[in-house]
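The structure under discussion appears below in the form of structure tokens.
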Amino acid sequence: MHKPTVAFFGATGGCTLACLVPALQAGYNCVALARTPKKLTDLLTTRGIPPATLSAQLTLIEGSASDLNAITQTLFPANLPPASMIISGVGGAPDFSQPLSPKFVGKTICQDTVRNILEVLREHKHEHEEKQKPKPVLVAISSTGLTKERDIPLAMVPLYNWMLKIPHADKRVMEGLIFEEVARPEAEKVISDYVVIRPSFLTSGASQREKVRVLKGQGEGQNTAVGISCPFVGYTICREDVGGFMFGLVEGLDGGKAGREYYSSVVSISH
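In our numbering, each residue carries its 1-based index in the sequence shown increased by 929.
Written out as structure tokens, the structure reads:
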């Protein structure tokens, strides 16, 4: 039985790369959009993925998330079934040339990527229907600190307000696009399910899987901590562990209960 196809956007970034590695090792058909494909293959080689696996399991599409044709090739690869899961882990790059007022390169990249993905899926909706394939699951990395209710430590509020105001505005719009899509009538939807992941402040470093805490919620703008007697507040989480959690969602495509239980959810994750 062939493994499902998984499409990756932002695979050279830490969280998405940390999901792509085990997906390749597990035999999933992975398609990744990358501006510089060699950069991604070099990263994967450094992670111990052998050339034979890269050749057999990875399809690289050169381009950017603003290129609808490249997105189409990523979601509907020529020699593979359409993507069963779409993982968007893109993000803007900070520019601290003016420290008191930091800027971001690609300040709307999260919303633009998801908007373009949904547009391409809508244009090619018939391809899923003709091939009797289920609509894909959309997984997107968002952030804590987006909701009115506080879900970050007080000590980190100034940092978030100073450094993350621009990307948070982008991620709010991105989340809204996803919630708007899943609210459509079933016949009009272009995704079958979704998971919005809100990690704490992201760090580098080795996995600390035993420290990972996950809390599930549902609905637009909902703080996943609402209704919990001890508010779900975390300082940081490493990219490796966010990627590991995302790979569990990929395994849900094969019926893995641990992954599927987080579908249709907004998920907070922290150490």
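The C-beta atom is built at its ideal place from N, Cα and C for all residues, glycine as well.
Check                                                                                               : Outcome
First through last residue of the alpha helix (DSSP H) which encompasses L1083                      : It is not in any alpha helix (DSSP H) - L1083 carries neither H nor E in the DSSP assignment.
Residue burial classification, T974 (beta-carbon count within 10 angstroms, cutoff 16)              : exposed
Chain C within 8 Å of I978, Cβ atoms only                                                           : Of the protein chains in this structure there is only one, and it is not chain C.
Counted within 10 angstroms of its Cβ, other Cβ atoms place R1127 as buried (16 or more) or exposed : buried
Same chain only: Cβ atoms within 6 Å of A1187, ignoring 5 sequence neighbours per side              : G1177
Close beta carbons around T1097, own chain, < 8 Å, minus the five adjacent residues each side       : For the sequence presented, residue 1097 should be read as His rather than Thr. Correct list, in chain order: S1072, G1074, L1075, Y1089.
Distance between S1194 and L1144 (C-alpha atoms, nearest Å)                                         : 10 Å
Closest by C-alpha distance to V1043, when choosing among E1078, L1009, K1100                       : K1100
Assigned exposure category for G1018 - 16 Cβ within 10 Å defines buried                             : buried
Contacting residues, own chain, Cβ-Cβ under 6 Å from A936 (five flanking each side not counted)     : V960, T1003, L1004, A1012, I1015
Nearest residue (CA-CA) to S1133, options H1200, V1179, Y957, H1055                                 : H1200
Rounded straight-line distance, which links the Cα of G942 to that of T1001                         : 21 Å
Residue interval of the alpha helix (DSSP H) (run including V950)                                   : 943-954
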